[in-house]
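Input: a single structure, listed below in structure tokens.
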Amino acid sequence: MAFHQPATTGSKTGNTVSLDELDVQILMCLQADSRQSNLEIARQVDASESTVRRRIDRLIDAGVIEMAAILDPTKVGYQLEVLLLLIVDKDKVDSIANQLAAFPQVNYVCVMTGEFDILAQAWFRSNARFLDFIRDGIGAIEGIRESRSSIVLHAAKRTNYWVPLG
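To convert, note that position 75 of the sequence shown is 68 in the working numbering; the numbers rise steadily by one, no gaps.
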């Protein structure tokens, strides 16, 4: 089983979208319960259903929001969450990040500043599957000079809920 979040690098149009108070209220309603109807949201934000529908369509078209089911990997047998920190050849950073992103176990990859060049988050069913990934997955990628991994023991906060309020 693979779980991927859509790759997002900004809006589909490439433009920044300004959010007004109504947009923020609609976003908060959607994040509280994305399955509620536009009419239910309209009642909560004191707007017409057509206004809410147009606002949601605009936010989707601009790439501000995407509708997706959020999977809890632990509920489907993926008990091992791993954070991988990599130091890589500078001329291969983007290539290595893209190769990591192609693995179905990996659900987050970023290029970053600091001691490490790349951070990746991945889920595995077992230590044995993680070991296979280390040997056959990242072990086969050229240009990785150093890797460190940490197993997540407990996540104090994990959410996809975020609305820009400031």
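We treat Cβ as the ideally placed atom computed from N, Cα and C, and that holds for glycine.
- Taking the Cα of S11 as reference, the smallest distance to any Cα among V104, R51, V69, V99 is reached at R51.
- R48 is classed as buried because its beta carbon has at least 16 other beta carbons within 10 Å across all chains shown.
- Residue environment for C22: buried (at least 16 other C-beta atoms within 10 angstroms of its C-beta).
- For the pair of segments examined, the region 112 to 131 was found to touch the region 70 to 86: the number of CB pairs separated by less than 8 Å reaches three.
- Rounded to the nearest angstrom, the gap between the Cα atoms of K68 and S88 is 32 Å.
- Closest in alpha carbon position to R28, among A148, A62, I144, is A62.
- Relative to the Cα of E139, the nearest Cα in the group V99, R118, E108, F123 belongs to E108.
- Under a 10 Å Cβ-count criterion, N91 is classified as exposed, with fewer than 16 other Cβ atoms of the shown protein chains found around its own Cβ.
- A Cβ-Cβ separation of about 16 Å leaves V99 out of contact with V86 under the 8 Å criterion.
- If you check the CB distance, I34 and V45 come in under 7 Å.
- A25 is the residue among V57, A25, F126 whose C-alpha sits nearest the C-alpha of T152.
- Taking C-beta atoms under 8 Å as the contact rule, R118 and Q72 qualify, at a distance of about 7 Å.
- In the three-state DSSP reduction, A61 falls in the coil class, being neither helix nor strand.
- For F123, the enclosing alpha helix (DSSP H) begins and ends at 120 to 125.
- Secondary structure note for L32: its alpha helix (DSSP H) is the uninterrupted segment 31 to 38.
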